[in-house]
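Colleague: Here you go, one structure.
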Amino acid sequence: MLKYDIHRIRNFFPILLQKVYNNKPLIYFDSAASSQKPVQVLMKEEQLHNDYYGNIHRATHFMADKATADYEAVRDKIKEFINAESREEIIFTKGTTESVNLVAFSFCEQFLNEGDEIIVSEMEHHSNIVPWQLAALRKKAKIVKLPFSDSGELQIDKLPSLINKKTKLIAVAHVSNVLGTVNPISEITKIAHEQNVAVFVDGAQAVQHLQIDVQKPEVDFYAFSAHKMYGPNGVGVLYGKKYWLEQMPPYQGGGEMISEVSFEGTTFNELLINLKLARQILQVLSLLALQLILSMISGLKISLNGKINYLSTLILN
Ligand SMILES: Cc1ncc(COP(=O)(O)O)c(C=O)c1O
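Numbering (the numbering used here), first residue to last: 183 to 499.
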């Protein structure tokens, strides 16, 4: 017997109320690609539009002040959600793909030299392959494949022999979008860190199922997208260890990230390292709605084996 009321859960998703194909109830199984949004998220976005839309960080009226405070509160909430050490380690992006691109550009600009190597697992989404290939092309570096076995598991025993003095970073998914494999991030980071190699984890398919703690195991970068976790479209999160972020050059230029600008040159906001790396004003309202979904799921132990059903936990609490 189902432990939850499926009809009640369905009612939280307005899109599921419609009938399709000769009056059949709409059933949606593509949440891994992009999840539908519960009514709470949809209403929050509308409420924000109606109540206090304003340009964050740069205006001084009531709405902008409130939007800025809420926007920065989301950063704190995400810091807690993934147990980052500091709020400055949280960078808002457009999604996982942009987070990978940011690190592939900015980290590689600083640390990747001609002849260096990046290890990428064989089971990655294209978003966690192509940006590294572009960086390797730019820097005349090499991509090395970490293969997986016939049973769909990464061949971690091969990892030590793939690492050498030229290896700068390992890029790996926490959970594979192709196979559903949960990769052993602790083992990977242990092997990598013993050789001073950074680890980038693509958490796009993990954040909605697993409790994420970026300090245990200690990862260097962790990325995820809101639209795959019942949250709003067009926003995502990149966690980066302060040690790395402080040394990485900006990925995109624009307002808000600068300390001073003149036509002779620009100095960046070194105090706010997350602002230095990428211009931070995104879809503000979407980002604020993300906070809502974080509140709904934070603190819950969500299991991939189905012992705790994500949706029932999300909705019924
Ligand atoms: C494992 C993984 N990484 C990255 C992405 C790309 O995510 P986004 O399109 O939100 O940037 C996806 C999307 O399906 C994914 O499953």
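Note that beta-carbon positions come from the ideal geometry of N, C-alpha and C, so glycine has one too.
Hey, is the segment 414-431 in contact with the segment 271-284, meaning 3+ C-beta pairs nearer than 8 Å?
Modeller: Counting Cβ pairs under 8 Å, three or more are found: they touch.
Colleague: Would you tell me roughly how many angstroms separate the C-alpha atoms of residue 505 and residue 331, rounded to the nearest one?
Modeller: Coverage of the chain is limited to positions 183 through 499, which leaves residue 505 absent and any answer about it impossible.
Colleague: Kindly examine ligand 1 and report whether one of its heavy atoms sits closer than 7 Å to the Cβ of residue 279.
Modeller: In the sequence shown, the residue the question calls residue 279 occupies position 97. At least one heavy atom of ligand 1 is nearer than 7 Å to the Cβ of residue 279, so yes.
Colleague: Taking Cβ to Cβ, would you say residue 469 is nearer than 8 Å to residue 221?
Modeller: Here residue 469 corresponds to residue number 287 of the sequence shown, with the count starting at 1. Here residue 221 corresponds to residue number 39 of the sequence shown, with the count starting at 1. The answer is no: Cβ separation not under 8 Å.
Colleague: What's the C-alpha gap between residue 383 and residue 204?
Modeller: As a position in the sequence shown, residue 383 is number 201, starting the count at 1. As a position in the sequence shown, residue 204 is number 22, starting the count at 1. The straight-line gap from Cα to Cα measures roughly 43 Å.
Colleague: Note down, one range per segment and in chain order, each alpha helix (DSSP H) of at least 4 residues found wholly within the segment 255-343.
Modeller: Correct list: 278-293 and 312-321.
Colleague: Pairing CB atoms from the segment 334-347 with CB atoms from the segment 310-325, are three or more of them under 8 Å?
Modeller: No, the segment 334-347 is not in contact with the segment 310-325.
Colleague: Return the chain-ordered list of same chain residues with a C-beta closer than 6 Å to the C-beta of residue 334, the five sequence neighbours on each side being excluded.
Modeller: Indexing the sequence shown from 1 puts residue 334 at position 152. Around residue 334: 361 and 363.
Colleague: Where residue 250 and residue 260 are concerned, what is the direct C-alpha to C-alpha distance, given to the nearest angstrom?
Modeller: Along the sequence shown, read from residue 1 onward, the residue named residue 250 stands at position 68. Along the sequence shown, read from residue 1 onward, the residue named residue 260 stands at position 78. Residue 250 and residue 260: Cα-Cα distance of roughly 16 Å.
Colleague: From the DSSP output, in three-state form, read off residue 447 for me.
Modeller: For the purposes of this step, residue 447 is identified with residue 265 of the sequence shown, where counting begins at 1. Note: residue 447 maps to strand in three-state DSSP.
Colleague: When you compare each of 407, 326, 398 and 443 to residue 390 by their alpha carbons, which one comes out closest?
Modeller: The residue labelled residue 390 in the question sits at position 208 within the sequence shown. Of the candidates 407, 326, 398 and 443, the one whose C-alpha sits nearest the C-alpha of residue 390 is 407.
Colleague: Residue 288: which of 415, 434 and 402 sits nearest, CA to CA?
Modeller: Within the sequence shown, residue 288 is the residue found at index 106, counting from 1. Closest by alpha carbon: 434.
Colleague: Opposite residue 397 in the DSSP bridges: which residues?
Modeller: Stepping through the sequence shown from its first residue, residue 397 is reached at position 215. 400, per the DSSP bridge assignment.
Colleague: Over what stretch of residues does the alpha helix (DSSP H) that includes residue 348 continue unbroken?
Modeller: Locating residue 348 in the sequence shown gives position 166, where the first residue counts as 1. Counting along the chain, residue 348 falls outside any alpha helix (DSSP H), and DSSP gives it neither H nor E.
Colleague: Taking the straight line between their C-alpha atoms, what separation do you get for residue 254 and residue 238?
Modeller: Here residue 254 refers to the residue found at position 72 of the sequence shown. Here residue 238 refers to the residue found at position 56 of the sequence shown. Those two C-alpha atoms are separated by around 10 Å.
Colleague: How big is the Cα-Cα spacing for residue 548 and residue 296?
Modeller: Outside the modelled stretch of the chain, which goes from 183 to 499, sits residue 548, for which no answer is possible.
Colleague: So, with DSSP's three-state summary, where would you put residue 406?
Modeller: Numbered from 1 along the sequence shown, position 224 holds the residue referred to as residue 406. Residue state, collapsed to three classes: strand.
Colleague: Residue 189: buried (16+ other C-beta within 10 angstroms of its C-beta) or exposed?
Modeller: For the purposes of this step, residue 189 is taken as residue 7 along the sequence shown, with counting starting at 1. Under this definition residue 189 is an exposed residue.
Colleague: Going by other Cβ atoms of all chains shown within 10 Å of its Cβ, with 16 needed for buried, is residue 283 buried or exposed?
Modeller: Counting from one through the sequence shown, the residue named residue 283 turns up at place 101. Buried.
Colleague: Does DSSP put residue 382 in a helix, in a strand, or in coil?
Modeller: Here residue 382 is taken as the residue at index 200 of the sequence shown, counted from 1. Three-state result, residue 382: strand.
Colleague: Residue 403 and residue 420 look like a contact to me (Cβ under 8 Å); what is the Cβ gap, rounded to whole Å?
Modeller: Here residue 403 corresponds to residue number 221 of the sequence shown, with the count starting at 1. Here residue 420 corresponds to residue number 238 of the sequence shown, with the count starting at 1. Yes, residue 403 and residue 420 are in contact; Cβ-Cβ is about 7 Å, under 8 Å.
Colleague: Quick check on residue 442: does DSSP put it in helix, strand or coil?
Modeller: Reading the sequence shown from its first residue, position 260 is the one you call residue 442. The answer is strand: DSSP assigns residue 442 an E or B state.
Colleague: If we count the other Cβ atoms within 10 Å of its Cβ and call it buried at 16 or more, is residue 378 buried or exposed?
Modeller: The residue you call residue 378 lines up with position 196 of the sequence shown. Exposed, because fewer than 16 other Cβ atoms sit within 10 Å of the Cβ of residue 378.
Colleague: According to DSSP, is residue 199 part of a helix, a strand, or is it coil?
Modeller: Taking the first residue of the sequence shown as position 1, residue 199 is located at position 17. Reduced to three states, the DSSP call for residue 199 is helix.
Colleague: Would you call the CB atoms of residue 394 and residue 370 closer than 8 Å?
Modeller: The residue you call residue 394 lines up with position 212 of the sequence shown. The residue you call residue 370 lines up with position 188 of the sequence shown. Going by C-beta atoms, residue 394 is not nearer than 8 Å to residue 370.
Colleague: Is any heavy atom in ligand 1 found nearer than 7 Å to the beta carbon of residue 365?
Modeller: Numbered from its first residue, the sequence shown carries residue 365 at position 183. No, ligand 1 has no heavy atom inside 7 Å of this Cβ.
Colleague: Between 398, 387, 348 and 355, which has its C-alpha nearest residue 372's C-alpha?
Modeller: Counted from its first residue, the sequence shown places residue 372 at position 190. The shortest Cα separation from residue 372 among 398, 387, 348 and 355 belongs to 398.
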